[in-house]
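Residue numbers (our numbering): 3 to 348.
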């Protein structure tokens, strides 16, 4: 955490009347060395797509400590402040604020600070390094668009790779498609998956989805994993956090080259691509990068109230197929299509 961030938090709590709060200042991502070496330790003979799990380490540190997570004030508000959207903040009220009732989980993993709290209006909220990743109330606006736009634009999506996505939201939507035979979830941080299973089981992280026989879970750096694949996936979804910390390498041109290589002919990549109100230059560069490698490159958008400016987008690219993702391809049985549409909220 920067000194500026600490000073801002102290100023916030001073206004709230709390002058003796102890702040958690170790919420930054792990070093590059840790990111490379502290992933799930697997025998060298283990294939890169093998399912890897580890025993749960869940223990709510905040329930036994008076220390508040960064961004949480004594008056019961969580305030998100991020360098990628300077000059603006977003806050959510906690439900029945107290360390025991509202803060459900707070711990530093090998890669990032993980916080789960119960909000007054948006259900359980997952934050990584002080940034909101999802809320139970509006997550569908993100996950449904990210998954169904590329899957319905592909004639027969059978193999899907999810980069990130440890919260399980993309996994839930992918498994609605009968054509899908294999899903590989590549999440570098095992703790994200464990936390999701415990606190989001009724929304994004249904136990049935994670135990589905079509699903493989890999705890590995996604850039390294994708680099080892060739002509393997019909769809690759980049359900990543912002391009800082553990996800920084997933927004580099090298990673897009690796994704192109990992796709089968006709495959589609769809990656999280930030907010056009405040990241237009970044998005322009990302679309241009994708257009240099893929036969088509497009930007899709959706509305999510708890994301910056209430908007987030996706960059989609097609390999060896000049086609648009703007229109769905009628390729599934009408029965499955109707079943999917009935389950969607967006």
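Yeah, the Cβ is synthetic: ideal placement off N, Cα and C, and Gly gets one too. Computed from a predicted model, the values in this text were never measured in an experiment.
Asked: 3 or more residues per run - each beta strand (DSSP E) lying fully within the stretch 88-124; Found: 92-95, 105-110 and 115-120
Asked: Member of 79, 102, 111 and 110 whose CA lies at the smallest distance from the CA of residue 96; Found: 79
Asked: beta-carbon residue 235 near the ligand SAM non-hydrogen atom, thresh 8 Å; Found: Here there are no bound small molecules, and the ligand SAM is not part of this structure.
Asked: Euclidean distance between Cα positions of residue 87 and residue 174; Found: 30 Å
Asked: Helix, strand or coil at residue 65 [DSSP, three-state]; Found: Per-residue confidence for residue 65 stands at a pLDDT of 41, beneath the threshold of 50, marking its modelled position as unreliable; the derived number appears in the next sentence. Helix, per DSSP.
Asked: Three-way DSSP call (helix, strand, coil) for residue 200 in this model; Found: helix
Asked: Rounded separation between residue 211 and residue 172 - CA only; Found: 10 Å
Asked: Integer-rounded CB distance, given that residue 114 should sit under 8 Å from residue 191; Found: 7 Å
Asked: Segment contact, 8 Å Cβ cut-off, at least three pairs: the stretch 113-131 with the stretch 291-300; Found: no
Asked: Close beta carbons around residue 92, own chain, < 6 Å, minus the five adjacent residues each side; Found: 82
Asked: Reference residue 102; option with closest CA among 119, 267 and 218; Found: 119
Asked: Stretch-stretch touch, CB-based, cutoff 8 Å, three pairs: the stretch 198-207 with the stretch 253-270; Found: no
Asked: CB of residue 303 within 9 Å of CB of residue 315, strictly; Found: yes
Asked: Sequence-distant residues of its chain with Cβ nearer than 8 Å to residue 170 (five each side left out); Found: 195, 198, 199, 202, 206, 207, 208, 211 and 212
Asked: Per-residue burial, residue 71 [other beta carbons within 10 Å of its own, 16 or more giving buried]; Found: buried
Asked: Where residue 146 falls: helix, strand or coil (DSSP); Found: helix
Asked: Pairwise C-alpha distance: residue 109 and residue 132; Found: 12 Å
Asked: C-alpha distance - residue 258 paired with residue 123, whole-angstrom precision; Found: 38 Å
Asked: The stretch 155-169 contacting the stretch 224-231, beta-carbon criterion three pairs below 8 Å; Found: yes
Asked: 3 or more residues per run - each beta strand (DSSP E) lying fully within the stretch 255-321; Found: 265-274, 298-305 and 313-320
Asked: Residue 176, enclosing alpha helix (DSSP H) - first and last residue; Found: 171-176
Asked: Close-in-space but distant-in-sequence residues of the same chain around residue 324 (CB under 7 Å, 5 per side omitted); Found: 297 and 298
Asked: Residue 236 in three-state terms, based on DSSP; Found: strand
Asked: Euclidean distance between Cα positions of residue 317 and residue 193; Found: 28 Å
Asked: Contact check, residue 144 vs residue 153, beta carbons under 9 Å; Found: no
Asked: Distance between residue 139 and residue 339 (C-alpha atoms, nearest Å); Found: 24 Å
Asked: Which of helix, strand or coil DSSP assigns to residue 195; Found: helix
Asked: Extent of the continuous beta strand (DSSP E) run through residue 126; Found: 126-130
Asked: Beta-carbon spacing of residue 272, residue 151 below 9 Å; Found: yes
Asked: Residues sharing a beta bridge with residue 187, DSSP; Found: 164 and 219
Asked: Continuous beta strand (DSSP E) stretch holding residue 134: start and end; Found: 133-137
Asked: Backbone CA spacing between residue 155 and residue 329 [nearest angstrom]; Found: 7 Å
Asked: Residue from 168, 186 and 158 with nearest C-alpha to residue 180; Found: 158
Asked: Straight-line Cα distance separating residue 237 from residue 282; Found: 26 Å
Asked: Opening and closing residue of the alpha helix (DSSP H) in which residue 224 lies; Found: 224-229
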